[in-house]
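The opening position of the sequence shown corresponds to residue 297 in my numbering, with each subsequent residue numbered one higher.
For each residue, glycine too, the CB sits at the ideal point set by N, CA and C.
Quantities reported herein were computed from a predicted structural model and do not represent experimental measurements.
One structure is given here, and the rest of the page talks about it.
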Amino acid sequence: MKMMDVDVLIVGGGPVGLATAIELSRHGISTLLVEKHEGTSIFPKARLVTTRTMEIFRAWGIQEEVEHAGMPREEFLAVGVGSSLSADDFVRSAAALRRDAPQSPTYMFLCSQDLLEVIMRRRAESRPGVEVRYGAAMTGFRQGPDGVEAVVSEASGETLVRCAYLVAADGSRSGIREELGIATEGPPPLGHMISIMFEADLGFLPPERRAALSFLTDPPCAVEAVDHRRRWMVQTGYEPEEGGSPADFTEEVCLASVRGAVGVPDLPVTILGVMPWLQQARVAASFRSGRVFLAGDAAHVATPQGGFGMNCGIQDAHNLAWKLAAVLRGAASPALLDTYEPERRPIGARTVDESLHNAFITFQMMEGRLSMREAIEQQAGRRSSEGLVLGFHYDSAAVVPDGTPAPAPEDPYRTYMPTARPGHRAPHVWLSGPAGPPVSTLDLLGPGFTLLAVSGAGWPAAAEQASARAGVPVAAVEIVATDSSGGAGDAYTSPTWAKEYGLESGGAVLVRPDGHVGWRHADGPASADALSAALATILSRTP
């Protein structure tokens with residue numbers, strides 16, 4: 297048997313596993329990613345990439361590539377309902393692009409998972425310290441006090457992999473979660489579903505009938521746009537208790553389902569694939585067992601309505617990677633890893649609940665308890681989800697509270713209220729850069745800690761001292777509180793940044809590697825001691 301040593305073993309080559317490998321590489325951690333399938337997904341599966349995920353892609357340098365592979369958001373970030381796509385009763389409503397767009401330098405996008413995984417795989421394989429193996433299955437593992445040993449099987453034979461930690465990104469039917477004996481919580485399956493991917497020219501449909509997702513009643517199903525040209529999906533269901541099964545979906549049945557959904561009996565159609573799946577809403581009772589961490593669908597399974605599942609999993613990876621890296625480098629106490637579950641599990645549970653709420657709107661329409669007009673109004677309103685996507689925050693030992701209350705929007709699902717309160721995502725603010733176009737505050741954040749400080753308060757020197765004491769790099773960026781017309785030489789400037797971050801003339805915020813504020817010093821003189829204490833707290837170290 298061959299032997300291999302690596303810092304972290306990742307099981308699962310979907311978006312969450314690939315995100316984990318990319319993020320760990322950015323922190324200098326070696327990884328082996330194994331995926332039992334021979335290649336990336338051939339089915340679209342997830343399509344919506346939320347604003348927060350697009351921000352992460354921007355940091356990785358793949359934002360433009362994802363946008364090029366995706367669909368025009370102006371046309372397809374919309375939802376429709378009707379008897380069929382061509383029925384007279386079909387109505388459509390688009391997402392609030394203009395309302396939500398100012399909250400970020402980017403915005404949500406539609407890119408089908410089969411295309412997205414290719415982009416992410418290419419990025420992962422280009423990173424130093426990352427080895428990706430498809431057609432390789434982990435067939436067993438055991439934990440010890442100093443690490444994990446796992447057996448990876450592939451056509452060329454078996455490899456004993458020794459690693460410090462294992463990340464289970466192996467999906468909703470996670471064998472690792474089952475092996476660990478971790479239960480999941482939630483209602484019974486909401487439906488036994490079939491996705492029918494097909495190719496057809498629907499160019500005869502006018503723009504007002506183009507939508508990312510359309511809920512149809514005759515027959516009951518949903519139609520999803522996979523690209524903006526010829527690929528589409530019909531999602532329908534079957535009832536096992538009534539004798540239904542995936543085997544019922546012959547090519548003839550699939551063709552009839554597609555033509556019925558479009559509303560054109562003789563529509564030329566090519567069936568590209570059929571995939572059965574369960575519509576579920578479940579959360580793992582624990583996200584960790586010793587040196588093994590659950591991420592993505594292994595930890596939480598959302599209904600597809602809202603498009604949150606893949607994105608929530610990528611945020612898991614973003615949260616976990618820097619913590620694993622800090623512990624592996626000796627910069628943090630292993631106790632830092634104890635903050636993964638209290639930070640991510642509440643977000644996972646809330647995300648699952650919100651997806652369930654979205655699904656219930658559809659169920660009510662299908663059952664006749666909501667009219668199509670009522671359903672489209674509710675569904676369209678739920679397409680704006682920046683409060684959920686950007687407004688979530690962490691309360692854990694890796695956050696230094698400053699005693700200020702969290703924002704309390706009337707609609708925390710739709711409405712995002714920017715705040716630099718510790719635990720929240722650092723807000724996006726456009727800055728006038730030293731040269732060239734405006735720069736987002738988010739573009740100043742690297743893979744390490746970043747101190748954003750009001751210029752002239754002495755924070756760069758304090759950051760240098762605190763960094764040396766902690767043995768952790770801290771990039772200090774000063775921002776001049778003036779308008780661009782005032783001229784500030786080679787500095788970043790903004791007349792509103794300090795106010796939006798809740799800072800006075802001597803203020804600064806320490807942003808964690810995952811883009812969330814870890815500590816805020818609202819005013820007063822720069823202090824290396826205060827910054828050192830904040831770093832020690834966040835890293836679970838004794839000052």
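| field | Distance CB(Gly308)-CB(Gly467) smaller than 8 angstroms | value | Here residue 308 is taken as the residue at index 12 of the sequence shown, counted from 1. Here residue 467 is taken as the residue at index 171 of the sequence shown, counted from 1. Yes; because the gap between Cβ atoms is below 8 angstroms, this pair is in contact.
For a test of the three-state rule: what should DSSP assign to Thr327, helix, strand or coil? As a first step, residue 327 is located in the sequence shown; it is residue number 31 there, counting from the start. Of the three classes helix, strand and coil, the one that applies to Thr327 here is strand, per DSSP.
**Q.** Presumed contact (8 angstroms Cβ cut-off) between Thr566 and Glu495, rounded CB distance
**A.** Residue mapping note: residue 566 aligns to position 270 of the sequence shown, counting from 1. Residue mapping note: residue 495 aligns to position 199 of the sequence shown, counting from 1. So it is a contact: roughly 4 angstroms between Cβ atoms.
Item checked: For Cys550: DSSP bridge partner residues -> Numbered from 1 along the sequence shown, position 254 holds the residue referred to as residue 550. The partner list for Cys550 (beta bridge, DSSP) is empty, contrary to what the question assumes.
Problem set entry | Span of the beta strand (DSSP E), counted from its first residue to its last, around Val648 | On the sequence shown, residue 648 is found 352 positions in, with the first residue counted as 1. That residue, Val648, is in no beta strand (DSSP E); its alpha helix (DSSP H) goes Tyr636 to Met662.
As a quick exercise: from Ser667, Gly767 and Arg469, pick the residue whose alpha carbon is nearest that of Gly376. Position 80 of the sequence shown, counted from the first residue, corresponds to residue 376. Checking every option, the nearest Cα to that of Gly376 belongs to Ser667.
What's the C-alpha gap between Arg343 and Gly754? Looking up residue 343 in the sequence shown gives position 47. Looking up residue 754 in the sequence shown gives position 458. Taking the Cα positions, Arg343 is about 46 angstroms away from Gly754.
Practice prompt. Going by CA-CA distance only, name the one from Leu486, His524, Pro564 and Gly742 that's closest to Val648.
Written response: Numbered from 1 along the sequence shown, position 352 holds the residue referred to as residue 648. It is Leu486 whose Cα lies nearest to the Cα of Val648.
Discussion item. To the nearest angstrom, how far is the alpha carbon of Val448 from that of Gln761?
Written reply: For the purposes of this step, residue 448 is taken as the residue at position 152 of the sequence shown. For the purposes of this step, residue 761 is taken as the residue at position 465 of the sequence shown. Roughly 45 angstroms between the two C-alpha positions.
Next on the checklist: Considering only the alpha carbon of each residue, which of Arg641, Gln601, Gly602 and Arg625 lies closest to Asn615?
Outcome noted: The residue labelled residue 615 in the question sits at position 319 within the sequence shown. Checked all of Arg641, Gln601, Gly602 and Arg625; the closest Cα to Asn615 is Arg641.
Whole angstroms are fine: how far does the CA of Leu799 sit from the CA of His323? As a first step, residue 323 must be located in the sequence shown, where it is residue number 27. As a first step, residue 799 must be located in the sequence shown, where it is residue number 503. So the alpha carbons of these two residues sit roughly 30 angstroms apart.
Hey, how far is the Cα of Thr327 from the Cα of Ala771?
In the sequence shown, residue 327 corresponds to position 31, counting from 1. In the sequence shown, residue 771 corresponds to position 475, counting from 1. When rounded, the distance between both Cα atoms is 26 angstroms.
(Q) Under 8 angstroms, with one C-beta from each stretch per pair, do the stretch 548-564 and the stretch 407-414 reach the 3-pair mark? (A) Judged by Cβ distances under 8 angstroms, the stretch 548-564 makes no contact with the stretch 407-414, as fewer than three pairs qualify.
**Prompt:** Would you call Ser836 buried or exposed, if buried means 16 or more other Cβ atoms sit within 10 Å of its Cβ?
**Reply:** Start at 1 with the first residue of the sequence shown, and residue 836 comes out as number 540. For Ser836, the number of other beta carbons within 10 angstroms of its own is at least 16, and it is reported as buried.
Minimum C-alpha distance to His812 - residue among Glu475, Pro697 and Gly767:
Reading the sequence shown from its first residue, position 516 is the one you call residue 812. Nearest option by C-alpha distance: Pro697.
Straight-line Cα distance separating Val345 from Asn607: On the sequence shown, residue 607 is found 311 positions in, with the first residue counted as 1. On the sequence shown, residue 345 is found 49 positions in, with the first residue counted as 1. In this structure, the alpha-carbon of Asn607 lies about 7 angstroms from that of Val345.
Mind checking Met367: buried by the 16 CB within 10 Å criterion, or exposed? Along the sequence shown, one-based indexing puts residue 367 at 71. Under this definition Met367 is a buried residue.
*asked:* Assess contact between the stretch 813-820 and the stretch 714-724, defined as three or more Cβ pairs (one per stretch) separated by less than 8 angstroms. Is contact present?
replied: By the Cβ rule, the stretch 813-820 counts as touching the stretch 714-724, because three or more pairs are nearer than 8 angstroms.
C-beta atoms of Arg388 and Glu520 nearer than 8 angstroms
Numbered from its first residue, the sequence shown carries residue 388 at position 92. Numbered from its first residue, the sequence shown carries residue 520 at position 224. Taking a C-beta distance under 8 angstroms as the contact criterion, Arg388 and Glu520 do not qualify as a contact pair.
- Query: From Gly499 to Gln531, what distance separates their C-alpha atoms?
  - Reply: As a working note, residue 499 is residue 203 in the sequence shown. As a working note, residue 531 is residue 235 in the sequence shown. Taking the straight line from one Cα to the other gives about 20 angstroms.
> Do you know whose CA, among Ser751, Gly802, Gln611 and Ala764, lies nearest Thr778's CA?
Replying inline: Counted from its first residue, the sequence shown places residue 778 at position 482. When each option's Cα is compared against that of Thr778, the closest is Ser751.
Note down, in chain order, each residue of its chain lying with its Cβ closer than 8 angstroms to the Cβ of Ala655, except the 5 sequence neighbours on either side. On the sequence shown, position 359 is the one that residue 655 refers to. Only residues of its own chain outside the window of five on either side were considered, and among them Leu486, Gln575, Ala577, Thr599 and Gln601 have a CB closer than 8 angstroms to the CB of Ala655, listed in chain order.
Self-check item: Spatial distance of Ile657 from Cys517 (CA atoms)
Solution: The residue given as residue 657 occupies position 361 in the sequence shown. The residue given as residue 517 occupies position 221 in the sequence shown. Between Ile657 and Cys517, the C-alpha separation is close to 14 angstroms.
- Once you ignore the five residues that flank Thr402 on each side, which residues in its own chain have a CB closer than 7 angstroms to its CB? Mapped onto the sequence shown, residue 402 falls at position 106. Spatial neighbours of Thr402 in its own chain (CB-CB distance under 7 angstroms, excluding positions within 5 residues in sequence) are listed in chain order as Thr347, Met350, Glu351, Arg354 and Gln359.
Requested in this report: Return the first residue and the last residue of the alpha helix (DSSP H) that Arg322 is part of.
Outcome: Residue numbering aside, residue 322 sits at position 26 when the sequence shown is read from its first letter. Taken as a continuous stretch (DSSP letters only), the alpha helix (DSSP H) holding Arg322 covers Pro311 to Arg322.
Q: Using 10 angstroms around the beta-carbon of Met297, count the other beta-carbons present and answer buried if the total reaches 16, otherwise exposed.
A: Position 1 of the sequence shown, counted from the start, is the residue given in the question as residue 297. Of the residues assessed, Met297 falls on the exposed side of the cut-off, its CB having fewer than 16 other CB atoms within 10 angstroms.
Within the stretch 406-461, note down every full beta strand (DSSP E) run reaching 3 residues or more, in order along the chain.
Complete beta strand (DSSP E) runs here, min 3: 426-430, 432-440 and 443-450.
Quick check: the Cα distance between Pro424 and Ala645, rounded to an integer number of angstroms?
By one-based count along the sequence shown, residue 424 stands at place 128. By one-based count along the sequence shown, residue 645 stands at place 349. Each residue's alpha carbon lies about 34 angstroms from the other.
>> Looking at the secondary structure, which residues open and close the alpha helix (DSSP H) in which Pro718 lies?
In response: Numbered from its first residue, the sequence shown carries residue 718 at position 422. No alpha helix (DSSP H) holds Pro718; DSSP gives it neither H nor E.
- Query: What three-state label does DSSP hand Leu501 in the structure shown?
  - Reply: Working through the sequence shown from its first residue, we reach residue 501 at position 205. Correct three-state label for Leu501: coil.
Practice task
Spell out the partners DSSP gives Arg578 in its beta bridges.
Solution key: For this step, residue 578 is matched to residue 282 along the sequence shown. Bridge pairing for Arg578: Val597 [DSSP].
(message) To test your reading of the DSSP string, which unbroken beta strand (DSSP E) runs of 3 or more residues are found completely within the stretch 348-398?
(response) Counting whole runs of 3 or more residues, the stretch 348-398 contains the beta strand (DSSP E) stretches 374-378 and 387-390.
Residues sharing a beta bridge with Ile490, DSSP: Position 194 of the sequence shown, counted from the first residue, corresponds to residue 490. Beta-bridge pairing links Ile490 to Thr532 and Pro572.
Expressed to the nearest angstrom, what Euclidean distance is found between the alpha-carbon atoms of Val807 and Ser763?
-> For the purposes of this step, residue 807 is identified with residue 511 of the sequence shown, where counting begins at 1. For the purposes of this step, residue 763 is identified with residue 467 of the sequence shown, where counting begins at 1. Whole-angstrom Cα-Cα distance: 14 angstroms.
- By the 10 Å Cβ neighbour count, where 16 or more other Cβ atoms means buried, how is Pro311 classified, buried or exposed? Working through the sequence shown from its first residue, we reach residue 311 at position 15. Label assigned to Pro311: buried.
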